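First comes the structure, then the notes that go with it.
Numbering (our numbering), first residue to last: 170 to 496.
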């Protein structure tokens, strides 16, 4: 033991028995903190065996001198003098890190599922979607299909499970988060390879997911308007419409769902982006409300495009080509 540590124990505490907890040197009997302990985590390789036929290709298996558990505590393996004592009733329990030696194939699956956990946290996705995505990915991985890019396969599985549960997240947002985390993912390749992955999932017993429609994104667009309630309040004042903004938003929402029911067959035959169509539907419902109360338009296309994160020309084109005939 270092002489400085011994001197610290002699000056501060009468007991000579100490243990290390969370990088601190603590007296075992009275619990007094004596000093700090710093250890560099290092890995050394062991001796390789001559019995193996492929001994030239491999080095000895590594063993770790010290590592950190979930609480940040240094637990020593090789040095017996620095091990913790068996009786730790006076101190908090320490979590131990489980070291798993995975095979190469299991390690690939484990790394891709770590990416899924990180992306799901950034997208704020519920756990049932992440679990369903992991099941889909493992079913595709268990087949004999050659997966060119595992990250793009994971991205397709996540998008497919979101479509299955009719969740509000779009493919554009998924690709944006994957690119932010440093993964190169292309939307065209996902759609191209998705045909193969969808057939394999269908053979494995998974139902084919149906594409989303305009109705699935109405709640998200209304929530975006509710977050910008001050803008709607100011617009109602300028247009001299005596109505509370909460009441206006609820009427707008009920009218949007009514429009979705009446135009379901019309938009079912046309392959339009449902997210952009839902923003145009909100604009169309705002026009109908302003016509009903005989006031000027409350919802402006440019401001609605910023609120709903849809480009203004998309709202304008979809409204002119498809919604204007229903006025």
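We put the CB at the ideal spot given by N, CA and C, even for glycine.
Fair warning: this is a prediction, and the values are worked out from it, not measured in the lab.
Within the DSSP bridge table, the entry for residue 289 names no partner. In the DSSP assignment, residue 203 falls within the beta strand (DSSP E) that extends over 202-205. Between residue 378 and residue 333, the C-beta spacing is below 8 Å.
Three or more Cβ pairs drawn from the stretch 481-494 and the stretch 444-456 lie within less than 8 Å of each other, which places the two stretches in contact.
Comparing alpha carbon positions, the residue from 368, 395 and 407 closest to residue 477 is 395.
Annotation: residue 196 is outside any alpha helix (DSSP H); the continuous beta strand (DSSP E) that includes it extends over 193-196. Residue 205 is classed as exposed because its beta carbon has fewer than 16 other beta carbons within 10 Å across all chains shown. Excluding sequence positions up to five before and after residue 408, its CB lies within less than 7 Å of the CB of 464, 465 and 467, all in the same chain and listed in chain order.
When rounded, the separation of the alpha-carbon atoms in residue 359 and residue 201 is 60 Å. CA-CA distance, residue 324 to residue 344, rounds to 8 Å.
By the C-beta density criterion, residue 376 is exposed, having fewer than 16 other C-beta atoms within 10 angstroms.
In the assembly as shown, residue 422 is a buried residue. Its beta-carbon has 16 or more other beta-carbons within 10 Å. With 16 or more other CB atoms across the displayed protein chains lying within 10 angstroms of its CB, residue 330 is buried. DSSP assignment within the stretch 412-449 yields the following whole alpha helix (DSSP H) runs of 4 residues or more, N-terminal first: 414-431 and 433-437.
Between residue 319 and residue 357 a beta carbon distance of about 18 Å is seen, past the 8 Å cut, so the two are scored as non-contacting. Counting only residues of its own chain and dropping the five nearest sequence neighbours on each side, residue 287 has a CB closer than 7 Å to the CB of 350. Looking from the CA of residue 436, the closest CA among 370, 367 and 491 belongs to 491. Judged by beta-carbon spacing, residue 420 lies within the 8 Å limit of residue 458, meaning their Cβ atoms are closer than that value. If you check the CB distance, residue 369 and residue 304 do not come in under 8 Å. Here the alpha carbons of residue 381 and residue 416 stand approximately 28 Å from one another. Judged by DSSP secondary structure, residue 308 falls within the alpha helix (DSSP H) whose first and last residues are 296-311.
Put simply, of 366, 335 and 313 the residue whose alpha carbon is nearest the alpha carbon of residue 297 is 335.
Distance check between residue 361 and each of 398, 317, 393 and 300 places 317 closest, using alpha-carbon atoms only.
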